[in-house]
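Q: 9 is the number of the first residue of the sequence shown in the working numbering; add one for each residue after it. All C-beta atoms, glycine included, are put in the ideal place defined by N, C-alpha and C. All figures in this text were calculated on a predicted structure; none of them were measured in a lab.
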Amino acid sequence: MNSRPATTDTTADSRDTSGKIQRALAQPALFDGGPRRVPLQQAVAPLRDEAAKYLVERGFTSRPLPLEELHHHVSAEDQAWTTERLSRASCELASASPGLLAAYHDLVRLVAREVLGFDVVFERDPPLRFHFPVPAPQRFRAPDGSLLTHHSDILLGDYFEQINMWLPLTDAAGSASLLATPFETSIEVLRAFAASVGYDFGRFRTGRTAFYELLVSDDALRGKLSAACLPVPVRWGDLLMFDPRVVHGTAENREGTTRVSIDFRVVPLDAYERLVAEDAGKHTIEGHVAVRGGFYDERSAFQL
Ligand SMILES: O=C(O)CCC(=O)C(=O)O
Ligand SMILES: [Fe+2]
């Protein structure tokens, strides 16, 4: 941790001793700033079927139902937000069902081979999220009471080299969908956050809560971000790929429809090898060591 008081430094570079944050934020945007939309309806149809079956297997519904109508059938208790995830019905894929996990692997294989055209390591156990039209909890609120879930996954420890994948299994628009900020504004806001933690890389990559606190205290920054971070309307099966520096978030769903989605992170295999060597294989993401067999699947996408 950088213990030098930020006020004695005159430039960001002098605080960011390794230059790591500066360099990472200066890299060109992936996908022209993205999110890039890739229509994959045919490949995603099995995931929709498996998600409907999972809900029956776990007793959330009595029969496989259209996912967008779930809020009429799942109990109010199972729709409510929990501390770890959007709702009790939400889960991690690997623990959900073998069918769902197999459909996820098929999709990762296709994305690497047909969409990206290069091999990647991929998240072993990503979330299947059910975003029901119910009130959100009081945490992560702005002073005006609106939900302030904005973040970049970099602030959760994810690597700058990552590609974020967000896959809706239902149509989604407005507050039911993902909120995303244009790349330039995202970088501007992340630079402001980096300055607020003295360009300390350790504080930056664990900065999710500090980022929220900065937004609460800085009205101008919060105003700029809230105005720029807007819903991305999607059809089910439209994969959104985006640069991990894109600041994104979840709104309180006021649309009267259920949104179901899977979000998973991938890292190009060559970047992964370099990062693991740099971090000596010790870095953790969400409590898992950021290595194959830990946060990432043992196999690369081409090995599936
Ligand atoms: O699905 C959401 O509402 C949030 C997703 C997210 O934060 C992510 O994909 O990293
Ligand atoms: Fe995220």
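#1: Where does N10 fall in DSSP's three states?
#2: What's the C-alpha gap between A150 and L223?
#3: Please classify Q35 as buried or exposed, where buried requires at least 16 other C-beta atoms within 10 Å of its C-beta.
#4: Indicate whether V52 and L115 have their beta-carbon atoms separated by less than 9 Å.
#5: What are the boundary residues of the alpha helix (DSSP H) that G210 is part of?
#6: So what does DSSP say about Q50, is it helix, strand or coil?
#7: What separation, rounded to the nearest whole angstrom, lies between the Cα atoms of L6 and T157?
#8: Rounded to whole angstroms, what's the CA-CA distance from G257 to L186? Just pull it up for me.
#9: So, helix, strand or coil for D179, using DSSP?
#10: Taking the straight line between their C-alpha atoms, what separation do you get for P54 and D179?
#11: Under the DSSP definition of a beta bridge, which residues are partnered with F191?
#12: I29 lies in the alpha helix (DSSP H); which residues open and close that run?
#13: Under a three-way DSSP split, which group does T292 fall into?
#14: A60 and L75 look like a contact to me (Cβ under 8 Å); what is the Cβ gap, rounded to whole Å?
#15: Tell me the residue span of the alpha helix (DSSP H) that contains P106.
#16: How many Å lie between I29 and S154 at the Cα?
#17: DSSP on E85, reduced to helix/strand/coil?
#18: Helix, strand or coil for E65, going by three-state DSSP, please let me know.
#19: Do you know offhand how far D271's Cα is from N172's?
#20: Tell me which same chain residues have a C-beta within less than 6 Å of the C-beta of L63, skipping the five on either side of it?
#21: Using a Cβ-Cβ cutoff of less than 7 Å, which residues in the same chain neighbour H296 once the five nearest sequence positions on both sides are dropped?
#22: With burial defined as no fewer than 16 other Cβ atoms inside 10 Å of the residue's Cβ, what is the status of Q50: buried or exposed?
#23: From G41 to L164, what does the alpha carbon distance come to, in whole angstroms?
#24: Around ligand 2, what residues have a beta-carbon under 6 Å from a heavy atom of it, in chain order?
#25: Could you give the distance in angstroms between the alpha-carbon of V240 and the alpha-carbon of E306?
#26: When the Cα atoms are used, what is the spatial distance from A235 to D57?
#27: Is T189 close to ligand 1? I mean its beta-carbon at under 8 Å from any heavy atom of the ligand.
#28: May I ask you to report which of helix, strand or coil DSSP gives F310?
#29: Where does V240 fall in DSSP's three states?
#30: What number of angstroms, rounded off, separates the C-alpha of I195 from the C-alpha of E169?
#31: Flag W174 as yes when its Cβ comes closer than 8 Å to any non-hydrogen atom of ligand 1, and as no otherwise.
#32: When the Cα of R147 is compared with those of T90, P276, V129, which residue comes out closest?
#33: Under the three-state reduction of DSSP, which class applies to V284: helix, strand or coil?
A: Answer, in terms of the structure:
#1: Residue placement at N10 cannot be trusted, given a pLDDT of 33 that sits under 50; the coordinates are not used to answer.
#2: 8 Å
#3: exposed
#4: yes
#5: 209-213
#6: helix
#7: Given that the chain is displayed from residue 9 to residue 312, the structure contains no residue 6 and the question cannot be resolved.
#8: 6 Å
#9: coil
#10: 16 Å
#11: Its beta-bridge partners do not exist; DSSP assigns none.
#12: 28-34
#13: strand
#14: 6 Å
#15: 106-118
#16: 30 Å
#17: helix
#18: helix
#19: 7 Å
#20: T69
#21: G302, F303
#22: exposed
#23: 20 Å
#24: H159, D161, H256
#25: 32 Å
#26: 36 Å
#27: no
#28: helix
#29: coil
#30: 15 Å
#31: yes
#32: T90
#33: helix
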